[in-house]
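K.L.:
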Amino acid sequence: METLINESIKVWAVFDCGISPVAMNWQNRLIKFDKVILKTDFFKGKTKITNLVCANNNAAYELEYNHQNYSWKLIKIMPGL
Amino acid sequence: METYKNNARLVDRVILHVDLDSFFATAAQQANPGLRKKPVGIIKAKGRSCIIAASKEAKKYGVKTGSSVFDAKKLCPSIILVCAEFEKYEDITYRFIQICQRYSPICEVFSLDECFIDITQTEKLWGNAVSIALEIQERLALEIGDYLTCSVGISENRLLAKLASTQAKPDGIYYLDKKSIYEALDKADLTDVCGIGLGLYRRLTSIGIGDFKTLRACSLNFLYKHFGSFWSEHLYNLARGIDNSAVIPTNKIPEAKSVGRTYTTHRNLYRKDEVERLMRNLCEEASEKARKMQLAGRYVGLAIRGDEQSFYGHKTLRSYISDGRTLFEICRWIFNNWTGKYVRFCGVTLSMLAPSKYRIIPLFPQDRQRENLTVAVDSINSQFGDYTIFPAQLLGTEIIRPEVTGFFGDKKFRLNFLRNS
């Protein structure tokens, strides 16, 4: 159902009234997103973490954005819509 | 809770009850499109044996909240078990509350997935109650997730609004007007409404009252004889759909009367050191919560369940405490009275709470040192996350972390905490 990845990645995102990831670079592959299907926030201590589930035709990707060090992580890959 | 102790109806009110359908399961299906339209059962963690929520598809097979995994697999062999992600659910709840609060400041968070909204005075600003309900449903899909749905019940009080929302399930709107109150109540089971639990239901059935029609036929005197003054009036009103309790907005939630943490283990704990470690973990969490709320308590309760035995011990102290170690020492002392073979459930409570300034200022250097240590640990943990620093006693164990419950019993703490962060 889902594959856990937990790797640091590079993400292109628009920061305008929230975070909208456009594409990510994972293992030298450019993966574009069509839409964000869920966005939730939580705090790890004082660090705000935003969890985003982005999807395209092929799969859904759960990403995590750390607001303190501006880093992105690919958490897991799931079947698409 | 503000109640009016008479049987008269108040001025006509308009109350909405908004309930997220199969919340945990739908949230999991929202986050993972691969789970959509499939029977899903949410479990607390890997290896746990209780379904804490079932998706709409799983419910069709007869899987319910509280079913065991064994039973669920028997009813629905294709059920997909998914571990709960409480952080996600809590944030969805927070966003859901924000949507509901847009329509009236009098919005009560009833549990993690339910809200009551008193729109008596704001209804006309948005058209009418049905248009508000439709807008909430639309906004939920648009702002949180398109797979999440909610049912909205509209009526003149909380009791009837909640009853109406059960009729609206799933993803519907049900308006229960004055004329249909008795009809709706007669269709419902006694346990469908808030205020009749299993104990009260058993007592009612034991005297031949099995539905609302029979309950309504009972006189107040008859009910008084069997249930006393409080419950007779409560039941008399329930049977007639009278509920004058006010909707309590989030900023008026009563202060916490106790702080605690309970935990049911994966397996039976036979060794004393295992139980003590669990107890220490729960004490640390309960005391940290009390400190975050700037409270201290002087009543310590310990609940243990094991081999068909239940145990509750308590101790009332002379002075207020709020540190995990002292709380644990008292719990350990109470635990000495436990005679069971193994432990399956443990709960720690700190109550008789007062502002932490009422605590006695430590006199001896050793005590002062310990208090300074607690302050330092709290400050590190609040900066870097819970249990970044924890007692050495918990080394090598799987630490139980704070989590939200469906009942949302600690909503006062959690909503304030979310607002401040």
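Chains as they are written, first to last, in my numbering: chain G, 14 to 94; chain H, 18 to 438.
The beta-carbon is built from N, C-alpha and C at its ideal position, and this holds for glycine as well.
1) With DSSP collapsed to three states, give me the class of Lys-306/H.
2) Mark Thr-356/H as exposed unless 16 or more other C-beta atoms lie within 10 angstroms of its C-beta, in which case mark it buried.
3) Per DSSP, what are the beta-bridge partners of Tyr-83/G in this structure?
4) Taking CB distances under 8 Å as the criterion, tell me whether Val-27/G reaches chain H.
5) Considering only residues of the stretch 223-286 of chain H, which uninterrupted alpha helix (DSSP H) runs meet the minimum length of 4 residues and lie entirely inside it, listed in chain order?
6) Where Asn-24/H and Asn-254/H are concerned, what is the direct C-alpha to C-alpha distance, given to the nearest angstrom?
7) Excluding the 5 residues preceding and the 5 following Leu-92/H in the sequence, name in chain order all residues of the same chain whose CB lies nearer than 6 Å to its CB.
8) Give me the subset of the stretch 93-116 of chain H whose CB atoms are less than 7 Å from a CB atom of chain G, sorted by chain position.
9) Checking 8 Å against the spacing of the C-beta atoms, do Ala-146/H and Ile-109/H come in under that value?
10) Sort Asp-209/H, Asp-206/H, Ile-153/H, Thr-208/H by Cα distance to Asp-188/H and report the nearest one.
11) Is DSSP giving Met-369/H helix, strand or coil here?
12) Where does Tyr-120/H land, buried or exposed, given buried means 16+ other C-beta within 10 angstroms?
13) According to the neighbour-count rule (16 or more other Cβ atoms, all chains shown, within 10 Å of its Cβ), is Ser-84/H buried or exposed?
14) Taking 8 Å as the threshold (beta carbon to beta carbon), is Ser-399/H in contact with chain G?
15) Quick one: using the 10 Å Cβ neighbour count with 16 as the cut-off for buried, is Arg-278/H buried or exposed?
16) Does chain G have any CB closer than 8 Å to the CB of Ala-25/H?
17) Which first and last residues belong to the alpha helix (DSSP H) in which Asn-69/G is found?
18) Alpha carbon to alpha carbon, how far is Val-27/G from Glu-77/G?
19) What do you reckon, are the CB atoms on Leu-202/H and Phe-244/H nearer than 8 Å?
20) How would you call Arg-308/H, buried or exposed, if buried means at least 16 neighbouring beta carbons within 10 angstroms?
21) Taking 8 Å as the cut-off, decide whether the C-beta atoms of Asp-38/H and Cys-124/H are in contact.
22) Gly-58/H bridges to which residues according to DSSP?
23) Bridge partners of Lys-332/H, per DSSP?
24) Measuring only between beta-carbons, confirm whether Lys-22/H sits less than 8 Å from chain G.
25) At the level of alpha carbons, what is the spacing between Leu-237/H and Ser-246/H?
P.N.:
According to the structure data:
1) helix
2) exposed
3) DSSP output for Tyr-83/G lists no bridge partner at all.
4) no
5) 229-234, 237-256
6) Low local confidence applies: a pLDDT of 46 at Asn-24/H is under 50, so the model's placement there is unreliable, and no value is given.
7) Tyr-78, Gly-79, Val-80
8) Here the close residues are Ile-97, Glu-104, Lys-105, Asp-108, Ile-109.
9) no
10) Of the candidates Asp-209/H, Asp-206/H, Ile-153/H, Thr-208/H, Ile-153/H places its Cα closest to the Cα of Asp-188/H.
11) Strand at Met-369/H.
12) Looking at its Cβ environment, which holds 16 or more other Cβ atoms inside 10 Å, Tyr-120/H is buried.
13) buried
14) Put simply, the CB of Ser-399/H is near chain G, with a gap under 8 Å to one of its CB atoms.
15) A buried status is given to Arg-278/H, since no fewer than 16 other beta-carbon atoms sit within 10 Å of its beta-carbon.
16) Bear in mind that a pLDDT of 45 at Ala-25/H, under 50, signals an unreliable position, so the model cannot answer this.
17) Element bounds for Asn-69/G: n/a, residue is neither H nor E.
18) Their Cα atoms are separated by approximately 15 Å.
19) no
20) buried
21) no
22) Ala-71/H, Leu-98/H
23) According to DSSP, which records beta bridges pairwise, Lys-332/H is partnered with Val-317/H.
24) Note that Lys-22/H scores a pLDDT of 44, beneath 50, so its modelled location is shaky and nothing firm can be said.
25) Computed Cα separation, rounded: 9 Å.
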